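This report refers to the structure that appears directly beneath it.
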Amino acid sequence: MTETLFTEDAYLREATARVIAADERGVVLDRTNLYARSGGQPGDAGTLHWEGGEAAVAEAIKGEAGAILHTLAPGSALPPVGAEVTLGLDWTRRHRHMRMHTTLHLLCSVLPGIYATGNQIGAEKSRLDFDLPDPPAKEWFTERLAELVAADHPISTTWITEAELDANPQMVRTLSVQPPRGAGRIRLVRIGAEAAPVDLQPCGGTHVASTGEIGRVEVLKLESKGRQNRRIHIVLPE
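Residue numbers (this note's numbering): 88 to 325.
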């Protein structure tokens, strides 16, 4: 398995690691600070540097048996197996994803009891689908999100057992993405105080440290994708 450094520190921009495997599919390291594509969040891009060489990482994706595969840009050199590498993160792109991902959690918080049916996170725009036949106007969403951003709620993570999640199934807010199982524990992302969180749900993605870091959010439009399914499109103007 690849140790996922981003799980505990989403702000780690550079890390050292050792090459476990390398071929035309990409490079597997013993640990990484690059998030692997999952749950609607794109995989990170970055760079690999080792003695005598360097390569551009196009995207980190999930491999086999818990490994993370760092796919390389066409024509990139491969580092030798066993080599120590310095792994640099495309921070500008990642930070946009972090701000977007946290905003989608805030969208869930303003619609209590309503389940998300799909999502997609991007650096330029993102969207979240809800089982919501009669949604408020886009201006209402923009105002509610602005209030939550301005409140600068802290964001933290905690862990529970799979059995605890089974006893509290309402914490899962997405119908399309279920938390990964098999490791015996589930990571929760909490927005707000522990005693009275604004939002609390299973998530393996990367997030900002507080809602104030998101900045201005604009809901572009609401789109009908079926009898009850409504798609909410958001952008970060800055």
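C-beta: ideal position from N, C-alpha, C; glycine also. Note that the coordinates shown come from a computational prediction; the quantities given were computed from them, not determined experimentally.
Buried or exposed: residue i, going by 16 or more other Cβ atoms within 10 Å of its Cβ?
{"i": "Gly130", "result": "buried"}
{"i": "Glu146", "result": "buried"}
{"i": "Ser213", "result": "buried"}
{"i": "Thr344", "result": "Shown here, the chain extends from 88 to 325; a query on residue 344 therefore has no answer."}
{"i": "Thr261", "result": "buried"}
Distance check for residue j and residue i, CA to CA, integer angstroms please.
{"i": "Arg336", "j": "Val197", "result": "Residue 336 lies beyond the residue range present for the chain, which begins at 88 and ends at 325; the question has no answer from this structure."}
{"i": "Leu235", "j": "Gly139", "result": "48 Å"}
{"i": "Thr94", "j": "Arg277", "result": "14 Å"}
{"i": "Leu232", "j": "Leu252", "result": "27 Å"}
Rank the options by C-alpha distance to the C-alpha of residue i and give the top, closest one.
{"i": "Arg181", "options": "Ala170, Leu99 and Arg260", "result": "Leu99"}
{"i": "Leu165", "options": "Val114, Ile208 and Cys195", "result": "Val114"}
{"i": "Thr158", "options": "Asp239, Ala142 and Leu275", "result": "Ala142"}
{"i": "Pro220", "options": "Leu121, Asn120 and Arg318", "result": "Arg318"}
{"i": "Gly162", "options": "Asp110, Ala154 and Cys195", "result": "Asp110"}
I'd like to check one pair, residue j with residue i: are the Cβ atoms closer than 9 Å?
{"i": "Gln128", "j": "His188", "result": "yes"}
{"i": "Arg118", "j": "Glu151", "result": "no"}
{"i": "Val168", "j": "Val259", "result": "no"}
{"i": "Gly205", "j": "Leu215", "result": "yes"}
{"i": "Gly299", "j": "Ala237", "result": "yes"}
{"i": "Leu307", "j": "His294", "result": "no"}
{"i": "Arg183", "j": "Glu211", "result": "yes"}
Closer than 8 Å to a non-hydrogen atom of the ligand SAM - does that hold for the CB of residue i?
{"i": "Ser311", "result": "Looking at this structure, you won't find the ligand SAM or any other ligand, since it has none at all."}
### Query
If you pair each beta-carbon of the region 271-288 with each one of the region 300-311, do three or more pairs fall below 8 Å?
no
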